[in-house]
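K.L.:
Supplied in structure tokens, the structure appears directly below.
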Amino acid sequence: MELPFAESYKIKMVESLKRSTRQERTKWIKEAGFNLFNLSSDKVFIDLLTDSGTGAMSDKQWSEMMLGDESYAGASSFFKLKAAIKEITGFEYFLPTHQGRAAENVLFSSKIKEGDIIPGNSHFDTTKGHIEFRKAHAVDCTIDEAFNTTLDHPFKGNVDLNKLEEVLKTYPKEKIPLIIVTVTCNSSGGQPVSMENMRDVKKVADKYGIPVFYDSARFAENAYFIKLREKGYEDKTVREIVREMFSYADGMTMSSKKDAIVNMGGFIGFRHEEDYDAASVFNILFEGYLSYGGMSGRDMNALAQGLYEGTEFDYLETRIGQVAYLGKKLKDYGIPIQYPYGGHAIFVDAKKFLPNVAKEEYIAQTLGIELYIEGGVRGVEIGTLLADRDPDTGENRYPDLELLRLAIPRRVYTNNHMDYVAASIINVFDRRDKIKNGYKIVKEAPILRHFTVKLEKV
Ligand SMILES: *Cc1c(COP(=O)(O)O)cnc(C)c1O
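Residue numbers (our numbering): 102 to 559.
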């Protein structure tokens, strides 16, 4: 008999989960203004809201916590993290920040001004938020294939080089302070960017003299996909692939809450000293002194260890294998999901799932609410609520895709939990014809509204 796949780790500590009834959940979600972010975690059975900061740290990471050096300046923890970042990414200079968006805030403060144009591949919501907050514009240059959820393209996160070059041709160099390549591309479904594409983006960028920065939250998952899917990389290690990926960038922002498997943390990596110097001023202003920038020494230690663990093949195989396990269950039942499966999440195509709900009534959000009521499973809307209003016209932006994202925390749930999630979705699918009405907004913030929005049933 062929030996089956098994997880590359065992469990040392557990946390209890609380069950609830459909009746309770119906009441709770109404009290939460039909916003899944407003639910307290004890009201959720399986939490797939995000894979950000929700991972389980290893015994080695917890041991590193005890070795943290909390000196204000020059802590050994800083140097440990610096060495890990240099070894894994190749970047000589780095600034610690408290999370990914803080890295964006610091970097963009030194680079972006009003009226600037920032091309990239489906910028992440906080990235876009930080760009638009500065009255600059994010221009999406993702390949068109990304918007066809049924198409099985190996690198749907890729940048369309023609679209990119068009932007670089149209605007003067002074208006384009950087190009942002997101690996993997979260907003397009956790889809990877190929090495070839990264190489080509750098070539085009060099031609126009524009720096390239990677939004790197899931860089290791991206590298794993390159190893599996791109010719010439089958025999390279994940770490070798990571090093090559970053060799085509001038710097990176990192949300360590993702692929570095810590609960909080971030950093910026730089190739050039001038970029580091320019950003340092803002790091001190917003985050903290250069050698801790919003992180405790112990957290920097755990992060350094997490960078090594997060780039191990066996771990990535277990992690991405679990996402695919859930994906296959849904596929086998005919649930409309995005293909290929993402690295960190399964994205349910809500427009196809709920064809009777009008786009003005927030289709993916409606599906998210139904799934919560069905099984206490919490996903997140990647649709019209997240897309927010156009900053110029104030009108709702209706994205091509209305997705319900089911993000799988790292090393947290078992495949029995995935079976439970699949069954909950299947139950909603079986009664989808009866779901006709969505929701309307009764309260919303001027920016990043999805976190705090309040809704009412139409
Ligand atoms: C999570 C994330 C961010 C923001 O990081 P935080 O740690 O949540 O502030 C930026 N970009 C991408 C692609 C992300 O996934």
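All C-beta atoms, glycine included, are put in the ideal place defined by N, C-alpha and C.
The structure presented is a predicted model; accordingly, all values stated were derived computationally and were not measured.
Collect the residues with a C-beta less than 6 Å away from any heavy atom of ligand 1 and give them in sequence order along the chain.
P.N.:
After applying the 6 Å Cβ criterion, the set is Ser153, Gln200, Gly201, Arg202, Phe225, Thr227, Thr228, Thr283, Asn287, Asp316, Ala318, Ser356, Lys358, Lys359, Gly367.
K.L.:
I need the straight-line Cα distance from Val284 to Thr151, nearest angstrom please.
P.N.:
Near 17 Å, if we compare the C-alpha coordinates of Thr151 and Val284.
K.L.:
For Arg608, does the three-state DSSP call read helix, strand or coil?
P.N.:
Residue 608 falls outside the range modelled here, since the chain spans only 102 to 559, and no answer is possible.
K.L.:
Excluding five sequence neighbours on each side, which residues of the same chain lie with their C-beta closer than 7 Å to the C-beta of Ile464?
P.N.:
Same-chain partners within the cutoff: Ala451, Lys452, Leu455, Val458, Gly484, Glu503, Gly539.
K.L.:
Smallest Cα separation from Ile112: which of Arg511, Gly469, Asp170?
P.N.:
The shortest Cα separation from Ile112 among Arg511, Gly469, Asp170 belongs to Arg511.
K.L.:
Between the Cα of Ser153 and the Cα atoms of Gly444, Asn528, Lys359, Asp307, which residue gives the shortest distance?
P.N.:
Ranking the options by Cα distance to Ser153, first place goes to Lys359.
K.L.:
Assign Tyr377 to one of three DSSP states: helix, strand, or coil.
P.N.:
Reduced to three states, the DSSP call for Tyr377 is helix.
K.L.:
So if DSSP puts Phe314 in a beta bridge, which residue, or which two residues, is it bridged to?
P.N.:
DSSP lists Ile281, Gly352 as partners of Phe314.
K.L.:
Within a Cβ cutoff of 7 Å, which residues of the same chain sit near Ser525, ignoring the five residues on either side of it in sequence?
P.N.:
Result list for Ser525: Leu472, Glu475, Gly476, Val478, in chain order.
K.L.:
Residue range of the beta strand (DSSP E) that Val481 falls in?
P.N.:
Taken as a continuous stretch (DSSP letters only), the beta strand (DSSP E) holding Val481 covers 481-483.
K.L.:
What are the start and end residues of the alpha helix (DSSP H) that includes Tyr521?
P.N.:
From DSSP, the alpha helix (DSSP H) with Tyr521 extends over 516-531.
K.L.:
Assuming Ile421 and Glu275 are in contact, meaning their beta carbons sit under 8 Å apart, how far apart are those beta carbons, in whole angstroms?
P.N.:
No, Ile421 and Glu275 are not in contact; Cβ-Cβ is about 41 Å, not under 8 Å.
K.L.:
Should Ala324 go down as buried or exposed, given a rule of 16 or more other Cβ atoms within 10 Å for buried?
P.N.:
Buried, by the Cβ-count rule.
K.L.:
Determine the direct distance from the alpha carbon of Ile470 to that of Ile130, and round the result to whole angstroms.
P.N.:
Spanning the two alpha carbons is a distance of roughly 7 Å.
K.L.:
Among Tyr416, Ala184, Glu341, Thr354, whose alpha-carbon lies nearest the alpha-carbon of Gly367?
P.N.:
Looking at the Cα atoms, Thr354 is the closest of the given residues.
K.L.:
Which same chain residues, not among the five before or five after Gln406, have their C-beta less than 6 Å away from its C-beta?
P.N.:
Excluding positions up to five away in sequence, the list reads Lys161, Gln162, Glu165.
K.L.:
Express the C-alpha separation of Ala361 and Tyr409 in angstroms, rounding to a whole number.
P.N.:
Answer to the nearest angstrom: the Cα atoms are 8 Å apart.
K.L.:
Compare the Cα-Cα distances from Leu265 to each of Asp226, Lys236, Asp307 and report the closest residue.
P.N.:
Of the candidates Asp226, Lys236, Asp307, the one whose C-alpha sits nearest the C-alpha of Leu265 is Asp307.
K.L.:
Along the chain, where does the alpha helix (DSSP H) that runs through Lys183 open and close?
P.N.:
Unbroken alpha helix (DSSP H) run through Lys183: 177-190.
K.L.:
Can you tell me whether DSSP reads Lys144 as helix, strand or coil?
P.N.:
Lys144 falls in the helix class under three-state DSSP.
K.L.:
Three-state secondary structure (DSSP) at Gly370?
P.N.:
The answer is strand: DSSP assigns Gly370 an E or B state.
K.L.:
Verify whether the separation of the beta carbon atoms of Ile542 and Val424 is less than 7 Å.
P.N.:
No, these two residues do not count as a Cβ contact at 7 Å.
K.L.:
Name the two residues that bound the continuous alpha helix (DSSP H) containing Arg512.
P.N.:
No alpha helix (DSSP H) contains Arg512, which DSSP labels as neither H nor E.
K.L.:
Taking the beta carbon of Met102 as the centre, do at least 16 other beta carbons fall within 10 Å, making it buried, or is it exposed?
P.N.:
Exposed is the call here.
K.L.:
Measuring only the C-alpha atoms, how far is Ile232 from Ala488?
P.N.:
Near 14 Å, if we compare the C-alpha coordinates of Ala488 and Ile232.
K.L.:
If you run the structure through DSSP and keep just helix, strand and coil, what is Glu331?
P.N.:
Glu331 falls in the coil class under three-state DSSP.
K.L.:
What do you get for Leu468, buried or exposed, if any count of 16 or more other CB atoms within 10 angstroms of its CB means buried?
P.N.:
So Leu468 counts as buried.
K.L.:
What's the C-alpha gap between Tyr499 and Arg490?
P.N.:
Computed Cα separation, rounded: 9 Å.
K.L.:
Using 10 angstroms around the beta-carbon of Val115, count the other beta-carbons present and answer buried if the total reaches 16, otherwise exposed.
P.N.:
Exposed, since its Cβ has fewer than 16 Cβ neighbours within 10 Å.
K.L.:
Three Cβ pairs or more, each shorter than 8 Å: is that satisfied between the segment 387-399 and the segment 219-233?
P.N.:
Touching, no.
K.L.:
What does a CB cutoff of less than 7 Å around Leu486 pick up in its chain, not counting 5 residues either side in sequence?
P.N.:
Closer than 7 Å at Cβ, skipping near neighbours: Tyr463, Gln466, Arg550, His551, Val554.
K.L.:
For Gly290, which residues of its own chain have a beta-carbon under 6 Å away from its beta-carbon, when the five flanking residues on both sides are left out?
P.N.:
Excluding residues within five positions, the ones whose Cβ falls inside 6 Å are Gln439, Gly443, Phe448.
K.L.:
Would you mind reading off the limits of the alpha helix (DSSP H) that contains Phe400?
P.N.:
Reading the sequence as shown, one finds Asp at residue 400 and not Phe. First-last of the alpha helix (DSSP H) with Asp400: 398-410.
K.L.:
What does the Cβ neighbour count give for Lys610, buried or exposed, with the cut at 16 atoms within 10 Å?
P.N.:
Because the chain is modelled from 102 through 559, residue 610 falls outside the range shown and cannot be assessed.
K.L.:
Using alpha carbons as the reference points, say which of Asn206, Asp226, Ile244, Pro255 lies closest to Arg560.
P.N.:
The requested residue 560 does not occur in the structure, where the chain is confined to residues 102 to 559.
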